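Presented below is the structure to which this report refers.
Number of protein chains: 2
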Amino acid sequence: MRDLTIAKAAREAGVGVETIRFYERRGLIDQPMKPQGSGFRVYSPEQIKRIKFIRQAQQIGFSLHEIQELLSLRADPAADCSVVRSQAVAKLEDVNRKIDQLHHIGTALEALIAVCPGRGGLHVCTILDTLIDPAHSRVPSLAADGPLPAVPPKRKRQNGSIAANNHKQRRAL
Amino acid sequence: MRDLTIAKAAREAGVGVETIRFYERRGLIDQPMKPQGSGFRVYSPEQIKRIKFIRQAQQIGFSLHEIQELLSLRADPAADCSVVRSQAVAKLEDVNRKIDQLHHIGTALEALIAVCPGRGGLHVCTILDTLIDPAHSRVPSLAADGPLPAVPPKRKRQNGSIAANNHKQRRAL
DNA sequence: ATGGCGTCCGTACCACAGTACGGAGTCAAG
DNA sequence: CTTGACTCCGTACTGTGGTACGGACGCCAT
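Chains as they are written, first to last, in the numbering used here: chain A, 18 to 190; chain B, 18 to 190.
This is the structure:
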């Protein structure tokens with residue numbers, strides 16, 4: 018794979034041209050070399066890898082900001098390996114938290130689906146009943162009516178997890 | 018639990034006052050009765066349950082739009098249970114996909130951390146090298162370089178709207 | 001009756017992650 | 001040498017899910 022202009026690089030990485038420029042503006046990727054005289058960006062395989070990495074990390078639920086932190090550590094010559102390591106550890110914890118959360122959600126959904134008759138009018142649909150009034154449900158996973166994860170922190174938002182990605186697959190349902 | 022004014026209802030449901038009004042505007046909840054003469058919203062336990070439902074469904078990964086659909090299904094006597102079910106199934110698949118990806122990254126991070134010397138300059142740090150260039154890593158978990166989900170569908174713009182937005186980044190406060 | 005919350009409403013603003021547009025320049029094929 | 005596709009850049013706009021603000025008014029206890 019040779020160096021590619023932006024449109025081909027975008028195709029290759031599975032993003033839009035504008036997205037690449039957007040990442041560049043955000044400092045997630047460097048502006049690539051523009052070979053002699055040409056004002057056109059030309060992307061090396063490494064740079065395309067980096068874009069793919071960004072997508073991958075995003076898929077997993079990291080925000081662009083988090084990804085930037087990860088990447089900027091790499092660029093810091095003063096950075097100590099232990100810093101990177103502890104970031105990695107923190108990310109791992111993060112990942113594990115996310116997995117836990119998703120497991121919860123998953124089992125809840127499974128339970129709901131298992132109990133749902135799957136046909137007939139809504140008057141026999143237990144899914145919505147359960148969702149709407151978990152306390153009275155025979156499905157325990159959602160009856161744990163515990164304190165919902167408090168309303169997201171004021172001012173600063175760093176979550177962006179599940180719903181944030183949803184607009185991309187909106188038609189997935 | 019008696020009927021509550023908006024602030025107490027919000028506390029009870031674990032959201033902000035503005036969020037309730039926001040849900041109302043979005044049509045996710047009805048405006049509650051305002052008892053004789055009073056212009057104040059008063060929320061019944063049922064309505065609070067509905068707000069909690071919205072939060073719960075959000076936790077599960079439904080967007081507000083999807084939740085709205087779900088709720089309007091509930092209001093539609095002609096709606097079929099199987100519709101709701103298949104929505105839930107789709108969400109479950111979604112969740113499982115995310116879990117898979119996270120497991121990938123999780124094991125990868127573990128492997129990376131295990132291989133990382135943990136001290137010294139970045140020139141000896143293997144973590145970032147591997148993250149950014151999975152293909153050349155001795156840690157295989159990240160090398161799975163599969164096809165990334167295609168770039169999200171393009172929307173067409175067809176309305177010169179007068180618009181509510183200067184998304185200029187203004188640093189106030 | 002008055003002070004201090006609580007609430008009303010509308011509008012503006014925020015962060016995030018892009019997407020779209022337009023006018024100008026560039027490049028490669030015919 | 002023209003033409004059409006591609007690229008440049010900056011700015012505006014989008015959708016999602018809220019938050020914040022401010023003036024006016026309601027409610028209740030002292």
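All residues carry an ideal CB built from backbone N, CA and C; glycine is no exception.
All figures in this text were calculated on a predicted structure; none of them were measured in a lab.
Is the distance from the Cβ of residue i to the Cβ of residue j below 7 Å?
i: B:LEU126; j: A:LEU109; result: yes
i: B:ARG58; j: B:PRO49; result: yes
i: A:VAL112; j: B:ILE77; result: no
i: B:LEU119; j: A:LYS115; result: yes
i: A:GLY135; j: B:SER99; result: yes
i: B:ALA26; j: B:GLY33; result: no
i: A:LEU145; j: B:VAL101; result: yes
i: A:LEU148; j: B:PHE70; result: yes
Give me the Cβ distance between residue i and residue j, rounded to the nearest whole Å; I'm assuming they're in contact under 8 Å.
i: A:LEU45; j: A:GLN85; result: 6 Å
i: B:TYR40; j: B:ILE68; result: 7 Å
According to the neighbour-count rule (16 or more other Cβ atoms, all chains shown, within 10 Å of its Cβ), is residue i buried or exposed?
i: B:LYS51; result: exposed
i: B:ARG19; result: exposed
i: A:GLU35; result: exposed
i: B:GLU83; result: buried
i: B:ALA161; result: With a pLDDT of only 43 at B:ALA161, under the threshold of 50, the placement of this residue in the model should not be trusted, and no figure is reported.
i: B:GLN53; result: exposed
i: B:ALA105; result: buried
i: A:ALA30; result: buried
i: A:ALA74; result: buried
Per DSSP, what kind of secondary structure is residue i in: helix, strand or coil?
i: B:GLY93; result: What sits at residue 93 of chain B in the sequence shown is Asp, not Gly. Looking at B:ASP93 - three-state DSSP - the assignment turns out to be coil, as it is neither helix nor strand.
i: A:GLY123; result: helix
i: B:GLY163; result: Here the model assigns B:GLY163 a pLDDT of 43, short of 50, so the residue's position is not dependable, and the following value carries that caveat. Three-state result, B:GLY163: coil.
i: B:LEU129; result: helix
i: B:LEU45; result: coil
i: B:VAL32; result: coil
Determine which residues of the segment 20-54 of chain A have a Cβ less than 9 Å from any Cβ of chain B, and write them out in chain order. ALA27, ARG28, ALA30, GLY31, VAL32, GLY33, THR36: these are the residues of the segment 20-54 of chain A whose beta carbon lies less than 9 Å from some beta carbon of chain B, given in chain order.
Interface positions of the segment 118-141 of chain A facing chain B (Cβ-Cβ less than 9 Å), listed along the chain: Under the 9 Å Cβ criterion, the segment 118-141 of chain A contributes GLN118, LEU119, HIS120, HIS121, ILE122, GLY123, ALA125, LEU126, GLU127, LEU129, ILE130, CYS133, PRO134, GLY135, ARG136, GLY137, GLY138, LEU139, HIS140, VAL141.
If contact means a Cβ-Cβ distance below 7 Å, which residues of the segment 99-119 of chain B contact chain A? Those residues of the segment 99-119 of chain B that come within reach of chain A (Cβ to Cβ, closer than 7 Å) are SER99, VAL101, ARG102, GLN104, ALA105, VAL106, ALA107, LYS108, LEU109, ASP111, VAL112, ASN113, LYS115, ILE116, GLN118, LEU119.
Residues of the segment 70-89 of chain B whose Cβ lies closer than 9 Å to any Cβ of chain A, in chain order: For the segment 70-89 of chain B, the residues whose beta carbon sits under 9 Å from a beta carbon of chain A are, in order, PHE70, ARG72, GLN73, ALA74, GLN75, GLN76, ILE77, GLY78, PHE79, SER80, LEU81, HIS82, GLU83, GLU86, LEU87, LEU88.
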